[in-house]
Amino acid sequence: MEQDAAQIHLVVGLGNPGEEYNGTRHNVGFEVVDRLAAEWGLAWQHSKSWHTLWVKGEKAILVKPTSYMNRSGEPLQAITHFFKIAPGEMLVVLDDMALPLGRLRLRPDGGTAGHNGLESIIVQFGTEEIPRLRIGIGAAPTEASVDYVLGRFFEEERPLVEKTIARAADAVKCAIDNGLLSAMNQFNKNPESES
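Add 558 to a position in the sequence shown, counting from 1, and you land on the number used in the numbering used here.
Right, here's the structure in full:
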């Protein structure tokens, strides 16, 4: 059997800080780590020097950068340096317009696919070998992709979004407990094909 990737020690939810961005498509990464923190009974701590909200769980550290999305790499550089965590031991949770709403895609590495937050992290760490969990937010209209990702989910989408956030949280827990490969095998499938 092929050697599994490094163990995940840090989970990063990507999003933009501030009330006005709560519940937007671009902030599903925040929603996933918020759910994990709640499940683990942990309260976020604010670090001004790291520009993050963070909590240290039993098995992994959860992080929400408080810089804007396109500056996500800088806070992560500071926190991973402090805890001596390698890029391959991080799992970045982010939104993806190329995936249908409700789909998850875990990968050990790859390009940015036009995501500014992931691009900032890859540039900061100088490697594409950073595990990531992409969460499908559905395709944007060609003319208005910025408005789309910074907009909120439609009311009728919310039940599927809640289900997907719960499933993404389970995928993160699986990656921490059993390794990325195991989580990929289980969660990269279309959820509809399992029912």
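Ideal placement from N, C-alpha and C gives every residue a C-beta, glycine not left out.
Once DSSP output is grouped into helix, strand and coil, what is the label at residue i?
i: Ile-643; result: coil
i: Arg-665; result: strand
i: Ile-619; result: strand
i: Ala-733; result: helix
i: Ser-678; result: helix
i: Glu-560; result: With a pLDDT of 40 at Glu-560, under the threshold of 50, the modelled position of that residue is not reliable, and the figure given next carries that caveat. Looking at Glu-560 - three-state DSSP - the assignment turns out to be coil, as it is neither helix nor strand.
i: Thr-722; result: helix
i: Ile-637; result: helix
i: Tyr-699; result: For clarity, residue 699 is Pro in the given sequence; the question names Tyr instead. In this structure, Pro-699 counts as coil in the three-state DSSP scheme.
i: Gly-631; result: helix
i: Ser-625; result: coil
i: Gly-587; result: helix
Compare the C-alpha of residue i against each of the options and name the closest.
i: Val-591; options: Asp-728, Phe-745 and Phe-641; result: Asp-728
i: Gly-737; options: Gly-694, Arg-665, Arg-710 and Leu-718; result: Arg-665
i: Glu-577; options: Gln-603, Glu-616, Tyr-626 and Ala-596; result: Tyr-626
i: Phe-641; options: Thr-624, Leu-620 and Asn-628; result: Leu-620
i: Leu-676; options: Gly-696, Pro-658, Pro-645 and Glu-713; result: Pro-645
i: Phe-712; options: Gly-672, Thr-582, Leu-572 and Gly-573; result: Thr-582
i: Gly-672; options: Pro-575, Tyr-579 and His-584; result: His-584
i: Glu-632; options: Leu-739, Gln-682 and Glu-715; result: Gln-682
i: Ala-608; options: Lys-617, Glu-686, Ser-630 and Gly-709; result: Note that residue 608 is Trp in the sequence shown, not Ala. Of Lys-617, Glu-686, Ser-630 and Gly-709, the residue nearest in Cα terms is Ser-630.
i: Thr-610; options: Pro-623, Pro-749, Glu-616 and Ala-726; result: Pro-623
i: Gly-615; options: Ser-740, Pro-749, Asp-735 and Asn-748; result: Asp-735
Between residue i and residue j, is the Cβ-Cβ spacing less than 7 Å?
i: Asp-653; j: Val-586; result: yes
i: Ile-680; j: Met-648; result: no
i: His-567; j: Ile-637; result: no
i: Gly-660; j: Gly-694; result: yes
i: Phe-588; j: Gly-599; result: no
i: Val-651; j: Leu-691; result: yes
i: Asn-628; j: Asn-580; result: no
Since residue i and residue j are thought to touch, with beta carbons under 8 Å apart, how far apart are those beta carbons, to the nearest angstrom?
i: Ser-703; j: Met-742; result: Rounded, the Cβ-Cβ distance is 27 Å, inconsistent with contact.
i: Ala-595; j: Trp-602; result: 6 Å
i: Pro-717; j: Tyr-706; result: About 20 Å; that fails the 8 Å criterion.
i: Ala-724; j: Arg-593; result: 7 Å
i: Leu-519; j: Asn-746; result: Residue 519 falls outside the range modelled here, since the chain spans only 559 to 753, and no answer is possible.
Any idea which residues DSSP pairs residue i with across the strands?
i: Met-648; result: Leu-568
i: Asp-654; result: Gly-694
i: His-604; result: Leu-611
i: Thr-582; result: Arg-710
Less than 6 Å between the CB of residue i and some heavy atom of the ligand NAP, yes or no?
i: Met-627; result: The ligand NAP is not part of the structure shown, which contains no ligands of any sort.
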